[in-house]
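My numbering numbers the first residue of the sequence shown as 470 and each following residue consecutively.
Ideal placement from N, C-alpha and C gives every residue a C-beta, glycine not left out.
Only a predicted model underlies this, so the values are computations on that prediction, with no experimental measurement involved.
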Amino acid sequence: MPVRASGWNVSVEHAYRPRLGMTAPSGKRAVPDPPVSAADASEGTPPRKKRRARSVRPKIVILSRKRTLYSTRRLVEATRKLGGRAQVLDTLQCTMLIAPKANQVLVDGAPLRDVAVVIPRIGTSITSYGLAVVNHLDMIGIPILNNSVPIARSRDKLRCLQLLARFDVDVPRTVMAHARGDAAQLVDAVGGLPVIVKLVKGTQGVGVMLASTMQEVRSILETFAGLGEDIVLQEFVAESSGRDVRALVVGDRVVAAMRRQAGGDEFRSNIHRGGTGEAFTLPPGWEEVAVRAARIIGLEVAGVDFLEGRHGPKVTELNSSPGLEGIERTTGVDVAGAIVTHALELSQKARAGWTRPRMI
Ligand code: ADP
Ligand code: MG
Numbered sequence: 470m471p472v473r474a475s476g477w478n479v480s481v482e483h484a485y486r487p488r489l490g491m492t493a494p495s496g497k498r499a500v501p502d503p504p505v506s507a508a509d510a511s512e513g514t515p516p517r518k519k520r521r522a523r524s525v526r527p528k529i530v531i532l533s534r535k536r537t538l539y540s541t542r543r544l545v546e547a548t549r550k551l552g553g554r555a556q557v558l559d560t561l562q563c564t565m566l567i568a569p570k571a572n573q574v575l576v577d578g579a580p581l582r583d584v585a586v587v588i589p590r591i592g593t594s595i596t597s598y599g600l601a602v603v604n605h606l607d608m609i610g611i612p613i614l615n616n617s618v619p620i621a622r623s624r625d626k627l628r629c630l631q632l633l634a635r636f637d638v639d640v641p642r643t644v645m646a647h648a649r650g651d652a653a654q655l656v657d658a659v660g661g662l663p664v665i666v667k668l669v670k671g672t673q674g675v676g677v678m679l680a681s682t683m684q685e686v687r688s689i690l691e692t693f694a695g696l697g698e699d700i701v702l703q704e705f706v707a708e709s710s711g712r713d714v715r716a717l718v719v720g721d722r723v724v725a726a727m728r729r730q731a732g733g734d735e736f737r738s739n740i741h742r743g744g745t746g747e748a749f750t751l752p753p754g755w756e757e758v759a760v761r762a763a764r765i766i767g768l769e770v771a772g773v774d775f776l777e778g779r780h781g782p783k784v785t786e787l788n789s790s791p792g793l794e795g796i797e798r799t800t801g802v803d804v805a806g807a808i809v810t811h812a813l814e815l816s817q818k819a820r821a822g823w824t825r826p827r828m829i
């Protein structure tokens, strides 16, 4: 199915629910303020005390180190536009209180309350603490858009590819061995030279190398072994050299997709390595692969990366906190809105006791 160029249905009960005095998205009052009654207006009558109604607007917590980041700002904006309240919490400011039947997340010493749903944006520099916080929120029973196990799976390229291959999603042929003794055997296992060598926990193109000779392979393997870094060797998908495709999965569909093209002689197409993006219409069947990949890893929101192989798409990785700037600017799709809408839906379903059936 081709990717919809823009727009998605807001089917969430919370969204744009007209309330007294609320400004509708059009800028008009959704419901006019109530008229002042004659009794209230007369001189001798004390003004009726305004009751402070408990806000019915659902609170969405966005875990993020910085509120000024593009993706964080867009999620806040989308939350407000959809009638919710947004609270940005620095993941490192969340304290976990662990006590039988009294697990809590404390922020400035006060327990976090009344949260409809959490959208975690966990950077790779704080994966370990971030995952603990996400896990703790889950223990308390707060719905989370991307839970800790799926995030951990996606952060480890080997684990991610193992799971995808196990469920027949096409991935580049990959090998990992502890003993680096016979490099030639490892290269043979992925189909010969040239090969890609990758750090298992690399990101933004850092630690992804192309080796064209056995000598290069050996020296890269020795260097990383010396540094104690885990790496994998991977088939070089030559027909896709210099470009890849990012599909943004939200729930059960792809809401936007772009193709990234590397600059100059570079084979890595990451925007952080100078790559540029353009909107891309997924060929038939690709959306299904992207959604399936996200489902296998267990992610509700995922940036699924493909290489364009001769025989179809090969998934290279999944990103659990995909950046929104590149994809929104290149496609014009309101991805933040789609994520928040899905978060609100998930929170409603979770309240009704629903959990997504797990593949693993
Ligand atoms: P990172 O997590 O650092 O982005 P990737 O696995 O996505 O790591 O690799 C970075 C870039 O290198 C990809 O976007 C793609 O352009 C290129 N690349 C990665 N693996 C291969 C491969 N097996 N064959 C060809 N190009 C690749
Ligand atoms: Mg990548």
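Minimum C-alpha distance to residue i - residue among the options
| i | options | result |
| --- | --- | --- |
| M830 | S594, G697, L702 | Only positions 470 to 829 of the chain appear in the structure, and residue 830 is not among them; the question remains open. |
| A731 | A634, A762, Q556, R742 | R742 |
| E704 | D721, S681, R722 | S681 |
| G801 | D607, M727, L532 | M727 |
| Q654 | Q673, R687, V638 | R687 |
| H647 | V669, D639, L630 | V669 |
| I808 | S524, K535, R549 | R549 |
| S710 | L776, P752, D721 | L776 |
| A601 | L696, D583, Q562 | Q562 |
| V725 | D734, G610, T750 | The question names Val, yet the displayed sequence has Ala at residue 725. If we check each option's Cα against that of A725, T750 comes out closest. |
| V640 | T785, A762, S790, I689 | T785 |
| L679 | A571, R737, E757, A634 | R737 |
| G781 | P752, R761, S789, V760 | P752 |
| V714 | L690, A821, D637, T745 | T745 |
| R729 | N739, R722, I700 | N739 |
| P826 | P569, G720, R635, A694 | G720 |
| R820 | R642, V584, L544, A571 | V584 |
| R526 | S816, A568, G822 | S816 |
| E698 | D637, V666, V723, L662 | V666 |
| S790 | Q673, Q573, H605, I609 | Q673 |
Exposure of residue i, with buried meaning 16 or more beta-carbon neighbours within 10 Å
| i | result |
| --- | --- |
| V664 | buried |
| E708 | exposed |
| W755 | buried |
| R764 | buried |
| G660 | exposed |
| T692 | exposed |
| E829 | Here residue 829 is Ile; the residue named in the question, Glu, does not match the sequence. It is exposed - the Cβ of I829 has fewer than 16 other Cβ atoms within 10 Å. |
| R798 | exposed |
| L581 | buried |
| A579 | exposed |
| I766 | buried |
| S475 | Residue confidence is low: S475 scores 36 on pLDDT, short of 50, so the model does not pin down where it sits. No coordinate-derived value is stated. |
| L696 | exposed |
| K783 | buried |
| V675 | exposed |
| D803 | buried |
Residue i: CB within 8 angstroms of a non-hydrogen atom of the ligand MG
| i | result |
| --- | --- |
| G599 | no |
| G674 | yes |
| N616 | no |
| E786 | yes |
| D637 | no |
| D713 | yes |
Opposing strand residues paired with residue i [DSSP bridges]
| i | result |
| --- | --- |
| V831 | Any property of residue 831 remains undetermined from this structure, which presents the chain solely from 470 to 829. |
| E747 | R728 |
| M678 | V666 |
| D713 | R729 |
| N886 | With the chain represented from 470 up to 829, any question about residue 886 goes unanswered, as that position is not in the structure. |
| N788 | G772 |
| L538 | Paired residues: none, contrary to the question. |
| E757 | In DSSP, E757 forms no bridge with anything. |
| E777 | P782 |
| P589 | L532 |
| E698 | Looking at the DSSP assignment, E698 forms no beta bridge with any residue, so it has no partner. |
| Q703 | T643, I665 |
Any non-hydrogen atom of the ligand ADP closer than 8 angstroms to residue i Cβ
| i | result |
| --- | --- |
| R687 | no |
| S738 | yes |
| R622 | no |
| L776 | yes |
| G671 | yes |
| K667 | yes |
| K626 | yes |
| F693 | no |
| P782 | no |
| Q703 | yes |
| P641 | yes |
| S710 | yes |
| V773 | no |
| A880 | In the structure displayed, the chain extends from 470 to 829; residue 880 sits before or after that span and is not available. |
Min CB distance residue i to chain D below 9 angstroms
| i | result |
| --- | --- |
| T564 | In the structure shown, chain D cannot be found, because there is only a single protein chain. |
task: Pair every Cβ in the segment 765-774 with every Cβ in the segment 616-627, then say whether three or more of these pairs are closer than 8 angstroms.
output: Look at the beta carbons and you see the segment 765-774 touching the segment 616-627: at least three pairs across the two are nearer than 8 angstroms.
message: Would you call the segment 785-798 in contact with the segment 525-544, where contact means no fewer than 3 C-beta pairs closer than 8 angstroms?
response: Here the segment 785-798 makes contact with the segment 525-544; the two share three or more CB pairs at distances below 8 angstroms.
Given 8 angstroms, three or more beta-carbon pairs between the segment 578-589 and the segment 804-818: A contact exists between the segment 578-589 and the segment 804-818.
task: Inspect the CB distances between the segment 547-560 and the segment 524-536 and report whether three or more fall short of 8 angstroms.
output: They touch, by the three-pair rule.
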